[in-house]
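K.L.:
I have a structure here, written as structure tokens, and I will follow up with some questions on it.
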Amino acid sequence: MITLYHCHDARSFRALWALHEIGLDYELRLLPFPPRFLDRAYLDINPLGTIPFLIDDHGTMSESAAIAEYLIARHAPERLGVAVSDPGYGQYLNWLHFGEATLTFPQTLVLRYTRLEPDRGLNAVAEDYARWFHVRLRHVERALADGRPWLLGERFTGADISVGYALLLARNLKLEHGFEPLTQDYWIRLAERPGYLAARAAQNA
Ligand SMILES: N[C@@H](CCC(=O)N[C@@H](CS)C(=O)NCC(=O)O)C(=O)O
1217 MITLYHCHDA RSFRALWALH EIGLDYELRL LPFPPRFLDR AYLDINPLGT
1267 IPFLIDDHGT MSESAAIAEY LIARHAPERL GVAVSDPGYG QYLNWLHFGE
1317 ATLTFPQTLV LRYTRLEPDR GLNAVAEDYA RWFHVRLRHV ERALADGRPW
1367 LLGERFTGAD ISVGYALLLA RNLKLEHGFE PLTQDYWIRL AERPGYLAAR
1417 AAQNA
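When we follow my numbering, the leftmost residue of the sequence shown carries the number 1217, and every step to the right adds one.
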């Protein structure tokens, strides 16, 4: 059995989305945000206090892109993953990590200084990192320039879940004005996927 600790629309959404794309049974534990302060008992489960936190028969994990990669490798490698022997394997891993390390990290500074701690007077930092995000996002536009529907080509993979979550967060932070045309179309394709819609319904249930 798989258990996922999740907060609404937080990075743990990558894991939730992957679970639905794969079609796995799981138990969802929804927490208030931030759980570190609002659900102290959670620290006994995950001492980091962060989400996601995934438990399965083999152990625990706390990194959202790694969880998507792991679930796909174990349960849907051919449908949603890219094999080590495939020439696209390096690109697959690169996009999986780019989604978190390059596209999500700068947005967390925007979230922190505009939504969570606006009284710190660090709005200039938020503006700098919003710009940083938009510049890095051009890499997605370039990747889609040959008309491909998904980052790796004709097939949706875990890389699209990782980058797709960064686009969802950007929309929530009102940063979508920096989406260039192909990126905007890509977002629409992502948001129409049954797996994405089912994950959103699950967190709202
Ligand atoms: N790199 C980790 C980051 C995990 C993380 O920091 N999650 C945030 C939510 S998006 C969190 O739990 N924040 C609450 C806190 O730091 O107390 C990942 O991709 O899962």
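From the three backbone atoms N, C-alpha and C, an ideal C-beta is built for every residue, glycine too. These numbers were taken from a predicted model, which means no experiment stands behind them.
Could you compute how far the alpha carbon of Arg-1230 sits from the alpha carbon of Ala-1284?
P.N.:
Numbered from its first residue, the sequence shown carries residue 1230 at position 14. Numbered from its first residue, the sequence shown carries residue 1284 at position 68. Approximately 6 Å between the Cα atoms of the pair.
K.L.:
Looking at ligand 1, does it come within less than 6 Å of Ile-1267, judged from the CB to the closest heavy atom?
P.N.:
In the sequence shown, counting from the first residue as 1, residue 1267 sits at position 51. Indeed, a heavy atom of ligand 1 lies less than 6 Å from the Cβ.
K.L.:
Do the stretch 1321 to 1337 and the stretch 1306 to 1313 make contact, defined as three or more Cβ pairs closer than 8 Å?
P.N.:
Result no; under three Cβ-Cβ pairs closer than 8 Å.
K.L.:
Roughly how many whole angstroms lie between the Cα atoms of Tyr-1329 and Val-1341?
P.N.:
As a position in the sequence shown, residue 1329 is number 113, starting the count at 1. As a position in the sequence shown, residue 1341 is number 125, starting the count at 1. So the two alpha carbons sit approximately 8 Å from each other.
K.L.:
Along the chain, where does the beta strand (DSSP E) that runs through Arg-1245 open and close?
P.N.:
What you label residue 1245 is simply residue 29 of the sequence shown in a count that begins at 1. Start and end: 1243 to 1246.
K.L.:
Which class does Ile-1271 belong to by DSSP, given the choice of helix, strand or coil?
P.N.:
The count along the sequence shown starts at 1 and reaches residue 1271 at position 55. Reduced to three states, the DSSP call for Ile-1271 is strand.
K.L.:
So is Arg-1316 buried or exposed if we call it buried at 16+ other beta carbons inside 10 Å?
P.N.:
Numbered from its first residue, the sequence shown carries residue 1316 at position 100. The question names Arg, yet the displayed sequence has Glu at residue 1316. Flag for Glu-1316 reads buried.
K.L.:
Quick check on Thr-1219: does DSSP put it in helix, strand or coil?
P.N.:
Here residue 1219 is taken as the residue at index 3 of the sequence shown, counted from 1. Reduced to three states, the DSSP call for Thr-1219 is strand.
K.L.:
Have a look at Ala-1281 and Asp-1260 and give me their C-alpha separation to the nearest angstrom.
P.N.:
Locating residue 1281 in the sequence shown gives position 65, counting from the first residue. Locating residue 1260 in the sequence shown gives position 44, counting from the first residue. Approximately 23 Å between the Cα atoms of the pair.
K.L.:
What number of angstroms, rounded off, separates the C-alpha of His-1393 from the C-alpha of Phe-1249?
P.N.:
Here residue 1393 corresponds to residue number 177 of the sequence shown, with the count starting at 1. Here residue 1249 corresponds to residue number 33 of the sequence shown, with the count starting at 1. Approximately 26 Å, taken between the alpha carbons.
K.L.:
Indicate whether Arg-1347 and Thr-1318 have their beta-carbon atoms separated by less than 7 Å.
P.N.:
Reading the sequence shown from its first residue, position 131 is the one you call residue 1347. Reading the sequence shown from its first residue, position 102 is the one you call residue 1318. Cβ distance not < 7 Å, so Arg-1347 and Thr-1318 don't count as in contact.
K.L.:
Apart from the five residues just before and just after Leu-1398, which ones in its own chain have a Cβ nearer than 6 Å to its Cβ?
P.N.:
By one-based count along the sequence shown, residue 1398 stands at place 182. Glu-1357 and Leu-1360, listed in sequence order.
K.L.:
Could you say if the stretch 1218 to 1226 and the stretch 1265 to 1275 meet the contact criterion of at least three C-beta pairs nearer than 8 Å?
P.N.:
With the cut-off at 8 Å, the stretch 1218 to 1226 and the stretch 1265 to 1275 touch.
K.L.:
Going along the chain, which residues of its own chain have a beta-carbon closer than 8 Å to the beta-carbon of Ala-1242, five neighbours each way excluded?
P.N.:
Here the question's residue 1242 lines up with position 26 in the sequence shown. Checking the sequence, you will find Tyr at residue 1242 rather than Ala. For Tyr-1242, where only same-chain residues beyond five positions count, the Cβ hits under 8 Å are Met-1217, Ile-1218, Thr-1219, Leu-1220 and Leu-1235.
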